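Numbering (UniProt numbering), first residue to last: 1 to 696.
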């Protein structure tokens, strides 16, 4: 019960500190949002509001509103007996300019005058009160000497709260440098809370050297063994990436709790040591939501999305309830796998267990639906959200862009501007992508220019990649090459790869060879460069060069990345590789594929062998096309799914022209809707048509 009470007290203090920072920033109105209703505050923590008043009452004064608050306090400070409670309010009322990076001279002088008055007449409790409200003002003003002088007179309780403020703003190094000297000045601040707070600051600031100094002081002070301090030390080392130190400290701990175990697991996950984290996770005597979520997130970060979903199923069997952070990781795994059914189930789970769809969760759902080819449901989530940020708008714009709704994406960008939400560099990637897939070359140029002229956003290499893609798809290869020459940064492999792919589509060997040469200089083992250049040579009937390239690949041990397609059926992910027969239903799938191709040929389908770049017979070329992974996935889906179910496929490579033509006819003959997500975009097939409108 004492722990629960302490937690509530800590919560109240944290919220008070948040309000204090808001007030110091001139945000008195915003401060009213932070403090939760029903949490009592003491007279000491009421910012001079008086005994029995709320912290909110103490902050609502002024006209912007700090000037008014300061004026009122000047009049009331004549009453000597009230000074101790009113200095803090006046301190928080000192205005700071927007951004907090510098301070006007009048503001600094007002702060110094206030501090002088406080030092002259304040009671001991007033020292505690005034120290913290004034502390943010001084540290932002850069008045280091005055700050050090003030520090000499602050009491221990003031130090603890000041230490808390610094980590909140990630000024970890300054926090530690401010507080550690106190040990040498006769304070002997051996309070565990101070160590915990400053160790957290070291972790956030990734400063392991200062953390080690503090570790030494912890040992000298005799605080150990205190479990919370030991946990803070483990967490600090883990945050700084010093996993061996964290692990050694963890192993010698006499007592451990869930926090101890989870800190080490999170550290392993952060460094990509998922297997090591799993070993530790399996050793845990008990697990809570945080530890399960840490493991799930570890698998997601490592790209092991199936393992993440399996871990979530184990979590459900263990009767541990997920929270919003767990669900965001699960939704992310579904996004990468294209597992719409599982993603839908995750949303139902959130509704059933009362997990609110805040902005963070809503953005993840929009991204998931968009990347699973269900842009309609992504828009439903967008419309249901009560609050949106720039990431929400950007996710919708990108979703519309890659799903073939270029004009709608641009309209959404206009809506974003009308909602007074400022676009950022990621937003413009979405807008430029929309122009690329819709073939809107002039609009794309205009948006690219507006980034610097209108929005003062310097284009990065990804924006230039979008422009190269835009020009390349439109066949403007010479202009694309000139644009690369004008880039203010060095072109990366993605830039040259994009240009090379466009050259293959349009059959430009001259620029294509140059792009391949530059790409291989940057990435000598890049198989895509060899394959694209080989295909370009084959398209130009340069078979000698094709053989030379393939021989070179064999000598260097470079293998072409095989085509692979994923499809989800009844909550299970099925994987197909071109020509592979490892699936349990392989015999039925190939039999269905033969029947399917026969139906297509009867309807006029002629295999497009122009993209089979090997010197073999026509019949052998057709066989190569028949066994592409997306065709196998479609045949499997037709075998096991209801006719009303949309078939959704995720492919690791760009879909070939023959597969696109075949799937168009399949949707017409079988009255099915098929969505294919390839490496570059979505293809929505319906009634014999594709959403890309054959614009490659």
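Using N, Cα and C, we set each Cβ at its ideal position, and we do this for glycine too. Keep in mind that this is a model prediction, so the values were computed, not measured.
### Message
Going by C-alpha to C-alpha distance, which of 651, 666 and 657 sits closest to residue 680?
### Response
Closest option to residue 680, Cα to Cα, is 651.
### Query
What runs of the alpha helix (DSSP H), each 4 residues or longer, lie entirely inside the UniProt domain "DYW" (604 to 696)?
618 to 626, 629 to 640 and 657 to 670
### Message
If distances are taken between C-alpha atoms only, which option among 653, 688 and 656 comes closest to residue 671?
### Response
Looking at the Cα atoms, 688 is the closest of the given residues.
### Query
residue 576 bridges to which residues according to DSSP?
In the DSSP output, where bridge partners are listed per residue, residue 576 has 565.
### Query
Which residue spans inside the segment 488 to 557 form an unbroken alpha helix (DSSP H) run of at least 4?
Segments of the alpha helix (DSSP H) lying fully in the segment 488 to 557: 493 to 506, 509 to 522, 527 to 539 and 543 to 556.
### Task
Tell me whether residue 598 is buried or exposed, calling it buried when 16 or more other Cβ atoms sit within 10 Å of its Cβ.
exposed
### Task
State yes or no: is the C-beta of residue 452 within less than 8 Å of the C-beta of residue 467?
Cβ distance not < 8 Å, so residue 452 and residue 467 don't count as in contact.
### Query
Count the other CB atoms within 10 Å of the CB of residue 508; is the residue buried (16 or more) or exposed (fewer)?
So residue 508 counts as buried.
### Task
Could you check which residue in 591, 524 and 236 has the C-alpha nearest to that of residue 558?
If we check each option's Cα against that of residue 558, 524 comes out closest.
### Query
So, helix, strand or coil for residue 74, using DSSP?
Any reading at residue 74 needs caution, since the residue's pLDDT is 40, under 50, leaving its predicted position unreliable; the model's value is listed next. Helix.
### Query
With distances taken from CA atoms, which of 239, 379, 493 and 351 is nearest residue 200?
239
### Task
Report the rounded CA-to-CA distance for residue 607 versus residue 593, giving the unit in angstroms.
14 Å
### Task
Given a cut-off of 8 Å, decide if residue 335 and residue 371 are closer than it, judged by their beta-carbon atoms.
yes
#### Entry: Close beta carbons around residue 441, own chain, < 8 Å, minus the five adjacent residues each side
435, 470, 471, 474 and 476
### Message
So residue 461 and residue 447 are supposed to be a Cβ contact under 8 Å. How far apart are they, rounded?
### Response
The C-beta distance from residue 461 to residue 447 rounds to 17 Å, too long to fall under 8 Å, and the pair is not in contact.
### Query
Near residue 339, what residues of its chain come up, given a Cβ to Cβ distance below 7 Å and the 5 sequence neighbours on each side ignored?
568 and 573
### Message
Assuming residue 312 and residue 296 are in contact, meaning their beta carbons sit under 8 Å apart, how far apart are those beta carbons, in whole angstroms?
### Response
6 Å
### Query
Using the beta-carbon count (16 or more within 10 Å), is residue 454 buried or exposed?
Residue 454 comes out exposed.
### Query
For residue 279, does the count of other Cβ atoms within 10 angstroms reach 16, so buried, or fall short, so exposed?
Residue 279 comes out exposed.
### Query
Less than 8 Å separating the beta-carbons of residue 649 and residue 633?
yes
#### Entry: With 16 other Cβ atoms within 10 Å as the buried cut-off, status of residue 415
exposed
### Message
Judging by CA-CA distance, which residue of 656, 463, 287 and 267 is the nearest neighbour of residue 505?
### Response
656
### Which of helix, strand or coil DSSP assigns to residue 376
helix
### Message
Comparing C-alpha positions only, which one of 316, 407, 459 and 398 sits nearest to residue 425?
### Response
459
### Message
Given this structure, state the Cα-to-Cα distance separating residue 118 from residue 192, to the nearest angstrom.
### Response
For residue 118, the pLDDT reaches just 44, beneath the cut-off of 50, and the residue's location in the model is therefore unreliable, although a value from the coordinates is still provided. Taking the straight line joining both Cα atoms gives about 28 Å.
### Exposed unless 16 or more other CB atoms sit within 10 angstroms - verdict on residue 533
buried
### Task
Can you give me the start and stop residues for the alpha helix (DSSP H) that residue 270 sits inside?
Start and end: 258 to 270.
### Message
Please state the DSSP three-state secondary structure of residue 458.
### Response
coil
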